[in-house]
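Peer 1: As you go down the protein sequences, you meet chains E and Y in turn.
According to my numbering, the first sequence is numbered sequentially starting from 1000.
According to my numbering, the second sequence is numbered sequentially starting from 160.
Let me begin by handing over the structure; questions about it come next.
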Amino acid sequence: MKLWAKTLRNLVVGLAASAAILAAASNAWADKIVLKDGRIVEGTILEDDPDFVRIKLADGKIEIHYKIDISRVERDAKEAPKKPDAEKKDDAKPAATEGKKDESAPGAISGKKPEPKKARAVTGATRMAILNFGPPSAWQGKVESMVGVQVNSAAWRTVIPMLEKDNVDVVVVRVNSGGGYTFELERFHEIFREYKKKWRTVVWVESAISAACMSPWIIEEWYFLPEGSAGGNTEWSGGMVASKGQRLAEILHQMELVSREAKRDPKIMRSMQIVEPLTANIDDQGNVTYFNDLSGQYTINPPGQVLVITARDAVKFKFARGIAATPEELGKVMGLNEMVIAGQEATAFIDKNMRDNEKASQEWEVTAVKYQVAIGAARGIADREARMRELGIAKRHLSTLEKLLSVNPMLERLNLGEGWIEQQKQLIKDLSR
Amino acid sequence: MKTMLKTLVGMALIAGACLSTPALAQENKDDKKDTGPKSVAEVSPGDKIIYQIDLYGQLGRDVHEVPIRKALADARQWNPDYLVFRVNMGYSAGGSSLGDWFAGVQLDRNAFNLMETVRELQTMFTDGIRDDPEWKTRDGKKPELVMWVKSAMGGAAFFPFTAPTVFFTSDAHHGGIGYLELALAGRGDFVVQQKMYAIRLGRAVGLAIKGGHDEHIIKAMARLDYVLSVSYVGGKPVFYEDMTTGEELLTDDGDPDAGRADTIEQALRFEGNDVLVIDAAKALKLGFAKAVVDSQEDLANELGCARNYVLIKGRGDGPIRAWVREVTRAEGEMRDTLAKMRRVDMGGQTLEERNRARATMIRHLREIIERWERYGTAINGQNVRGVPPANECEVRIEQLKQEMRLDR
């Protein structure tokens, strides 16, 4: 498993500013959400969940703002929406509580159940789309899970309109991948920022390793399958050579910034990237404080090791909000009263894209060698007719390679270097003379 | 991490290990032949149905998606109350066989690679059964998954963790996945090694959690530097990640300077404590196994249906046996084809002779490609040494065609 080292641009901290203050022209839009960054959002509150507020703006657009970002909510007395019955929880606490505290107990799945809620005020069941970030293990290993190859940001951008068209409310990024190329990280971060603006976006982990952990790291809300594990984010290349010096400093800094944006302690990611211990204290209110040394009461990652966190620990130390084995359980731990699976077109597209990329990747490898066989022979043939015959075959293979790029534009860059195909076209031209 | 400096004694045969020569996998010959009903309709309503699938041979080759899927499809139509997997698999034979010895420690380097196979296979009988509305007992419930362990060593050690109900035979052993943190010794940077170990152990722990098992056990099985002691409170184990707090030491740190490194003799007899290998007694004591059972009657008794059960067995083995024969035959054919390829005289005197040889070679290469495509990961690389992989065959075919074009 290779990670691609590259020079990073500076990552801009903070949320992108949008049209923050909306005109409150009429009394119909009297509710207000005052955000911690000073912005005020006015409209009609549709749902006041323990973890988020849904508000309809003057232009009809619906936004979701998480309680962790909200300073206060002001409601017009006449327009107060129906609230779910669940009691409000501390922002710092997960929506679904952790499992049993007895560590020797067999895996508790959902932990304490949330208080029953009333149905959503306006639109009924929550529409949840589950997109596979990497093929689930149920695919029996038939498709690889490389970030940048089978799992690529282009596909995740393509499905945005499909999700919008299907009126999805929640997008679940179901992760099962052993990692891949770090050049995809920033792209995924950008895409998931867009997702978060449009939908409640959560991560659901089967196995989120390396680049597959770092890509969705920007999403705040994480859940685990019982078998889930996440971490192991050491960047390396070639013969298991770790990134060092400037490159290491860059990638550590990049992920520190992403951690802060996701409102997550950067020490967790740091312990996943380098050999650094991670310990924690849990106070009486359940707040977790992390340390990159041994001063905490609990050892999450011992010295001399790289952190991969599993489901029970993830919930215990408030890294994840809950454990869920099925979409139904996930809906429950997310605090959803009613839930339906939606976004099937997007799900199918992502799955097909992974399969197509798998085929393309395998075909690329063989076709590139076949091309070399043909062009190599053509170079050494003096007889023009024979040379043109080989060039014709070389052209055919090159054309196949070009078609494969339409499935994954990165194939060229990953395997032969950017611009290689154009170079070969020129070479064929030159040899044809 | 303490460096293990021991003189290599040499390779040793471990009981229950698989052979690397091509052969039909070992079957469980000690069980009764199935003489029971031919369909679920013949089973009395009050009887419980136990469907048994024997897992034996080489994980990834014999125990493979294709036969497991077929076995489960057969099981499904019996609406079993209990789906029992009898595990009788030794160390892996793909790569390092027979419980590899590295610097005097028992290290199966392939074990954690095969864990990925288990991760995938188990989805068929855990999530697959859970999510299939047609998979149910005659009472409309889901069948209880049971692991019945005779030998689960090396990569097979991950199987017992996937079901909440586990039984051991009295002579069972479970483990052989130890010394994980030595598997990549000498390769690459330390931090990358640790990353690889952490990923593997994290996934293994995940399997244990999913199966409802305590993660301390699998950690103690895997890492030499993981120390574990246990006390028993009300008969239940309470684990401590140190060597002294618990009343019983399960695994120490294997420090040779402190005289705590296991000897090879101890490891051979599963008597060491550098890493955890559990036998029936320990499995019971640690709460990992519910009981020790040596016969199907005992098993039925422990499942609470000794007086009224029907055992369906043999049908579950059929797909595995058939698959093993197919794969073994395919491996043999590939070796034969390789031998034929080596006998082809490519240096014919005439163009016609040379092209005929090339055409023959192309035909042989296509046969090999077809075998690879059909049996893929089930093929044991050691059994087909020298046979080129499918993509190399394709390139070779391209070269031969080119030779035919250019040889005029």
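Ideal Cβ placement from N, Cα and C applies to all residues, glycine included.
Given the structure is predicted, the values throughout are model-derived calculations rather than measurements.
#1: Can you tell me whether DSSP reads Asp384 (chain Y) as helix, strand or coil?
#2: Between the C-alpha atoms of Leu1413 (chain E) and Asp438 (chain Y), what's the straight-line distance to the nearest angstrom?
#3: Would Tyr1194 (chain E) and Val1332 (chain E) qualify as a contact pair, given that the criterion is a beta-carbon distance under 8 Å?
#4: Please decide whether Gly253 (chain Y) counts as near chain E, where near means a Cβ-Cβ distance under 8 Å.
#5: Can you tell me which of Y:Thr324, Y:Ser310 and Y:Gly347 puts its alpha carbon nearest to the alpha carbon of Asp330 (chain Y)?
#6: Leaving out five residues on either side along the sequence, give the residues of the same chain with a beta carbon under 8 Å from the beta carbon of Val1403 (chain E).
#7: Of all the alpha helix (DSSP H) runs that stay within the bounds of the region 236-321 of chain Y, which reach a length of 4 or more residues?
#8: From the DSSP output, read off the bridge partner residues of Met1338 (chain E).
#9: Taking one C-beta from the region 1297-1314 of chain E and one from the region 1270-1278 of chain E each time, how about it: are there three or more such pairs within less than 8 Å?
#10: Do you know how far the Cα of Ala1128 (chain E) is from the Cα of Val1167 (chain E)?
#11: Taking CB distances under 8 Å as the criterion, tell me whether Gly1227 (chain E) reaches chain Y.
#12: Smallest Cα separation from Phe271 (chain Y): which of Y:Gly314, Y:Leu443 and Y:Arg235?
#13: According to DSSP, simplified to helix, strand and coil, what is Tyr1180 (chain E)?
#14: On a CA-only basis, which of E:Phe1316, E:Asp1165 and E:Val1170 is nearest Gln1284 (chain E)? Give me that one, please.
#15: Is the beta carbon of Leu1306 (chain E) closer than 8 Å to that of Met1254 (chain E)?
#16: Just the chain Y side, please: which residues come within less than 8 Å of Lys1369 (chain E) by C-beta, in chain order?
#17: Tell me, please, which residues DSSP counts as bridged to Tyr399 (chain Y).
#18: With a threshold of 8 Å between beta-carbons, can Ala234 (chain Y) be considered close to chain E, or not?
#19: Please return the same chain residues whose Cβ sits closer than 7 Å to the Cβ of Pro181 (chain Y), not counting the five positions on each side in sequence.
#20: What residues in its chain sit with their C-beta under 6 Å from that of Pro196 (chain Y), if we drop five residues either side in the sequence?
#21: Measure the C-alpha to C-alpha separation of Ile538 (chain Y) and Ala232 (chain Y) and round it to an integer number of angstroms.
#22: Using three-state DSSP, classify His1064 (chain E) as helix, strand or coil.
#23: To the nearest angstrom, how far is it from the Cα of Ala1027 (chain E) to the Cα of Gly1042 (chain E)?
#24: Would Pro1056 (chain E) count as contacting chain Y if we go by Cβ distances under 8 Å?
#25: Could you give the first and the last residue of the continuous alpha helix (DSSP H) run that contains Asp1350 (chain E)?
#26: Does Thr403 (chain Y) get closer than 8 Å to chain E when you measure Cβ to Cβ?
#27: Please tell me whether Thr324 (chain Y) has its Cβ less than 8 Å away from any Cβ of chain E.
#28: DSSP on Val469 (chain Y), reduced to helix/strand/coil?
#29: Starting from the beta carbon of Glu1364 (chain E), find every residue of chain Y whose beta carbon is closer than 8 Å, and list them in chain order.
#30: Just the chain E side, please: which residues come within less than 7 Å of Thr483 (chain Y) by C-beta, in chain order?
#31: For Pro239 (chain Y) versus Ile208 (chain Y), is the C-beta distance shorter than 8 Å?
#32: From the DSSP output, read off the bridge partner residues of Asn1175 (chain E).
#33: Would Ala1085 (chain E) pass as an interface residue toward chain Y - the criterion being a Cβ-Cβ separation below 8 Å?
#34: Helix or strand or just coil, what does DSSP make of Gly334 (chain Y)?
#35: For Gln1149 (chain E), which of helix, strand or coil comes out of DSSP?
#36: Whole angstroms are fine: how far does the CA of Glu485 (chain Y) sit from the CA of Gly1110 (chain E)?
Peer 2: With the given structure in hand:
#1: By 1-based counting over the second sequence, the position of residue 384 (chain Y) is 225. Asp384 (chain Y): coil per DSSP, three-state reduction.
#2: By one-based count along the first sequence, residue 1413 (chain E) stands at place 414. By one-based count along the second sequence, residue 438 (chain Y) stands at place 279. Between Leu1413 (chain E) and Asp438 (chain Y), the C-alpha separation is close to 49 Å.
#3: Position 195 of the first sequence holds residue 1194 (chain E). Position 333 of the first sequence holds residue 1332 (chain E). Contact flag unset, no.
#4: By one-based count along the second sequence, residue 253 (chain Y) stands at place 94. Reliability of the predicted coordinates at Gly253 (chain Y) is poor, the pLDDT of 42 falling under 50, and no value is obtained from them.
#5: Locating residue 330 (chain Y) in the second sequence gives position 171, counting from the first residue. Closest option to Asp330 (chain Y), Cα to Cα, is Y:Ser310.
#6: As a working note, residue 1403 (chain E) is residue 404 in the first sequence. Here residue 1403 (chain E) is Leu; the residue named in the question, Val, does not match the sequence. Answer for Leu1403 (chain E): Ala1359, Glu1362, Trp1363, Thr1366 and Leu1410, listed in chain order.
#7: 270-284 and 286-290
#8: Against the first sequence, residue 1338 (chain E) aligns to sequence position 339. For Met1338 (chain E), which the question treats as bridged, DSSP gives the partners E:Thr1125.
#9: yes
#10: Translated into the one-based positions of the first sequence, residue 1167 (chain E) becomes position 168. Translated into the one-based positions of the first sequence, residue 1128 (chain E) becomes position 129. Val1167 (chain E) and Ala1128 (chain E): Cα-Cα distance of roughly 7 Å.
#11: Indexing the first sequence from 1 puts residue 1227 (chain E) at position 228. Judged by the 8 Å Cβ criterion, Gly1227 (chain E) is in contact with chain Y.
#12: Start at 1 with the first residue of the second sequence, and residue 271 (chain Y) comes out as number 112. Residue Y:Gly314 is the option with its Cα nearest to Phe271 (chain Y).
#13: As a working note, residue 1180 (chain E) is residue 181 in the first sequence. Coil.
#14: Counting from 1 along the first sequence, the entry for residue 1284 (chain E) is found at position 285. Comparing Cα-Cα distances from Gln1284 (chain E) to each of E:Phe1316, E:Asp1165 and E:Val1170, the minimum goes to E:Phe1316.
#15: To locate residue 1254 (chain E), count along the first sequence from 1; it is residue 255. To locate residue 1306 (chain E), count along the first sequence from 1; it is residue 307. No, Cβ-Cβ distance for Met1254 (chain E) and Leu1306 (chain E) is not below 8 Å.
#16: In the first sequence, residue 1369 (chain E) corresponds to position 370, counting from 1. Within chain Y, the residues near Lys1369 (chain E) are Glu553, Val554 and Glu557.
#17: In the second sequence, residue 399 (chain Y) corresponds to position 240, counting from 1. DSSP, once it has assigned bridges, lists Y:Ser388 as partnering Tyr399 (chain Y).
#18: Here residue 234 (chain Y) corresponds to residue number 75 of the second sequence, with the count starting at 1. Judged by the 8 Å Cβ criterion, Ala234 (chain Y) is not in contact with chain E.
#19: One-based indexing of the second sequence puts residue 181 (chain Y) at position 22. Unreliable positioning characterises Pro181 (chain Y) in this predicted model, as indicated by a pLDDT of 34, which lies under 50. A coordinate reading is not provided.
#20: By 1-based counting over the second sequence, the position of residue 196 (chain Y) is 37. Excluding residues within five positions, the ones whose Cβ falls inside 6 Å are Val202.
#21: Walking along the second sequence from the start, residue 538 (chain Y) turns up at place 379. Walking along the second sequence from the start, residue 232 (chain Y) turns up at place 73. Those two C-alpha atoms are separated by around 23 Å.
#22: Here residue 1064 (chain E) refers to the residue found at position 65 when the first sequence is read from its first residue. If DSSP states are grouped into helix, strand and coil, His1064 (chain E) belongs with the strands.
#23: On the first sequence, residue 1027 (chain E) is found 28 positions in, with the first residue counted as 1. On the first sequence, residue 1042 (chain E) is found 43 positions in, with the first residue counted as 1. Only weak support exists for where Ala1027 (chain E) lies, its pLDDT of 48 falling under 50; the coordinates are left without a value.
#24: Translated into the one-based positions of the first sequence, residue 1056 (chain E) becomes position 57. According to the sequence provided, residue 1056 (chain E) is Leu. The question's Pro does not apply to it. Closer than 8 Å: no.
#25: Position 351 of the first sequence holds residue 1350 (chain E). Taken as a continuous stretch (DSSP letters only), the alpha helix (DSSP H) holding Asp1350 (chain E) covers Gln1343 to Arg1378.
#26: Indexing the second sequence from 1 puts residue 403 (chain Y) at position 244. No, Thr403 (chain Y) lies away from the interface with chain E (no Cβ there is under 8 Å from its Cβ).
#27: The residue you call residue 324 (chain Y) lines up with position 165 of the second sequence. No - not a single Cβ of chain E is within 8 Å of the one on Thr324 (chain Y).
#28: The sequence position of residue 469 (chain Y) within the second sequence is 310, counting from 1. Strand at Val469 (chain Y).
#29: Numbered from its first residue, the first sequence carries residue 1364 (chain E) at position 365. Under the 8 Å cutoff, chain Y gives Asn550.
#30: By 1-based counting over the second sequence, the position of residue 483 (chain Y) is 324. According to the sequence provided, residue 483 (chain Y) is Val. The question's Thr does not apply to it. Here the premise fails: no neighbours, minimum Cβ distance about 19 Å.
#31: Sequence index remark: in the second sequence, residue 239 (chain Y) carries index 80 (1-based). Sequence index remark: in the second sequence, residue 208 (chain Y) carries index 49 (1-based). Yes, Cβ-Cβ distance for Pro239 (chain Y) and Ile208 (chain Y) is below 8 Å.
#32: Within the first sequence, the letter at position 176 stands for residue 1175 (chain E). For Asn1175 (chain E), which the question treats as bridged, DSSP gives the partners E:Ser1206.
#33: Here residue 1085 (chain E) corresponds to residue number 86 of the first sequence, with the count starting at 1. Confidence is the limiting factor: at Ala1085 (chain E) the pLDDT is only 36, short of 50, which leaves the residue's position unreliable, though a coordinate-based value still follows. Cβ-Cβ to chain Y under 8 Å: no for Ala1085 (chain E).
#34: Along the second sequence, one-based indexing puts residue 334 (chain Y) at 175. DSSP places Gly334 (chain Y) in strand when its eight states are reduced to three.
#35: Reading the first sequence from its first residue, position 150 is the one you call residue 1149 (chain E). If DSSP states are grouped into helix, strand and coil, Gln1149 (chain E) belongs with coil.
#36: Residue mapping note: residue 1110 (chain E) aligns to position 111 of the first sequence, counting from 1. Residue mapping note: residue 485 (chain Y) aligns to position 326 of the second sequence, counting from 1. With a pLDDT of 43 at Gly1110 (chain E), under the threshold of 50, the modelled position of that residue is not reliable, and no figure is offered here.
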